[in-house]
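Just below is one structure, and these are the notes that go with it.
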Amino acid sequence: MPLRAFLASVIAFAVLAIPARPYSVQTHQQIIDLVWLQSIQPLLLSQYPGLTPKQLQEAHAYAYGGSAIQDLGYYPFGNAFFSNLTHYVRSGDFVLALIRDARNANELAFAVGALSHYLGDTYGHSECVNPSVATVFPSLAKKYGPMVTYEENEHAHVRTEFAFDINEISKRHFAPLAYLRHVGLEIPTRLLNRAFFETYGLDAVSVVGHRRPVLRSYRFAVRSFLPRIAYAESILHRHSFPPDDPNPQYSTLAADLAQASIDNHWEEYRHRPGIGTYSLAGLIFLLPKVGPLNLLAIRGPVPSTEELYVASVNDTVTKLRGHLQDFDALSHDVPNRDLDTGLDVRPGSYRLTDQTYATLLRDVTADPTRPVPPILKHDLIAYYADPNAPISTRRNKNQWAQVQANLATLASVPTTH
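According to UniProt numbering, the sequence shown is numbered sequentially starting from 1.
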């Protein structure tokens, strides 16, 4: 195989790892950095006094790990069902289970990271990405209106979301890649397994697959390959992005970024792009943008969508700071939302939610003798309780018959306590 074809196949495989979510991974990590010193670190110290600087740095790695955990199943070797669950089914309950079950500073930092992802998805989609897709893809706006959801066109979402990351990199708004590697990225598997079972009644390892390859892939994609592609793309597009608009929203974000840079010593880790990054940029430029590589043909941002992005990041940061300041009241303000739309979950309101509920129902009733958490059983029954709900699964006679059979089985499934 010619070298160019080989490299193209490698890049195509890596591009498939870009999760089509409201914020790409580096924006999720940026949110952690913006609230780390003023909000997350004080919370950890209030719960676990006496943490050393080294222990706090370790906790930072766990916060990074939590900030993208809901996307774990979308990376290579993962199982999309894991991430469909965390985005569409009991999304708030999953975050609350992580927080409730945290037993040390690292686990609490990870849970806070997952909370930041939940908030970032909620505000990132509803306030930024969905309207931005409609703006930069006028044909989709003509078809779907001023808000284009992920299920309506996932490829347009990826191209729009990835463009925001590349724009931020070109303007040095993110932590340097060397800093991200210095901090690291960790996942507390005990906590993840426990919270996942409490929320979904399933074993996380059995859903995701072989744990080590999945976690290695997650770390590699988040810490190395995807950022490298983004940095290479920033070289190609840096002169085509809109300039920063010094409006109040941008001024707020710029001040937070400047403080985060000082607090975390980002400039000590910032380097000019090397020959490897320029070579990758050249290869991306030359490769035809067809098939999976079409996702590298980013679209936007334009001034109006950049304003939406900045405002949504500010809203996410403000909400996260508020939650961490009033941490004891958190359980009352993390509803189960569809993270693609930011709206509360309702039967029939989103096709992917309907599909994921049906799959979960199938899996938890596969062994009728295996106990499930009582709250999960109640939630599944409630989802299908309204006979008039416009659940998309009804359109397929065989699938709906299977749902009814599984509901009948669920009625006799024992609960854990």
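Just so it is clear, CB atoms sit at the ideal spot from N, CA and C, and this is done for glycine as well.
{"Asked": "A405 versus T393 - alpha carbon distance", "Found": "14 Å"}
{"Asked": "Own chain, CB closer than 6 Å to V95, minus 5 neighbours either side, in chain order", "Found": "A114, L115, Y118, V334"}
{"Asked": "Environment of D367 [buried if 16+ CB atoms lie within 10 Å]", "Found": "exposed"}
{"Asked": "Same chain only: Cβ atoms within 8 Å of A178, ignoring 5 sequence neighbours per side", "Found": "Y269, R270, H271"}
{"Asked": "D386 (DSSP reduced to helix, strand or coil)", "Found": "coil"}
{"Asked": "R90 at chain B interface by Cβ criterion, 9 Å", "Found": "The question asks about chain B, but that chain is absent: this structure has only one protein chain."}
{"Asked": "Where V133 sits in the DSSP three-state scheme", "Found": "helix"}
{"Asked": "Under the three-state DSSP convention, the category T415 falls into", "Found": "strand"}
{"Asked": "Segments assigned alpha helix (DSSP H), at least 4 residues, entirely inside the segment 292–341", "Found": "303–325"}
{"Asked": "Integer Cβ distance of E127 from D340, believed to fall under 8 Å", "Found": "Not a contact, Cβ separation roughly 13 Å."}
{"Asked": "Proximity of L202 and V364 at Cβ, strictly below 9 Å", "Found": "yes"}
{"Asked": "Rounded separation between F162 and A281 - CA only", "Found": "15 Å"}
{"Asked": "Nearest residue (CA-CA) to residue 427, options I31, A59, D101", "Found": "Within the shown structure, residues of the chain are numbered from 1 to 417, placing residue 427 beyond reach of any answer."}
{"Asked": "Three-state class that DSSP yields for D244 in the structure shown", "Found": "coil"}
{"Asked": "Whole-Å CB distance - V208 paired with F82, under 8 Å assumed", "Found": "5 Å"}
{"Asked": "Helix, strand or coil at V205 according to DSSP, with G and I counted as helix", "Found": "helix"}
{"Asked": "C-beta atoms of H237 and N167 nearer than 9 Å", "Found": "yes"}
{"Asked": "Three-state secondary structure assigned by DSSP to H344", "Found": "The question names His, yet the displayed sequence has Asp at residue 344. Note: D344 maps to strand in three-state DSSP."}
{"Asked": "P22 - DSSP class collapsed to helix/strand/coil", "Found": "Residue placement at P22 is flagged as unreliable, the pLDDT there being 46, under the threshold of 50; the coordinate-derived value follows with that caveat. If DSSP states are grouped into helix, strand and coil, P22 belongs with coil."}
{"Asked": "According to DSSP, residues forming a beta bridge with V372", "Found": "T415"}
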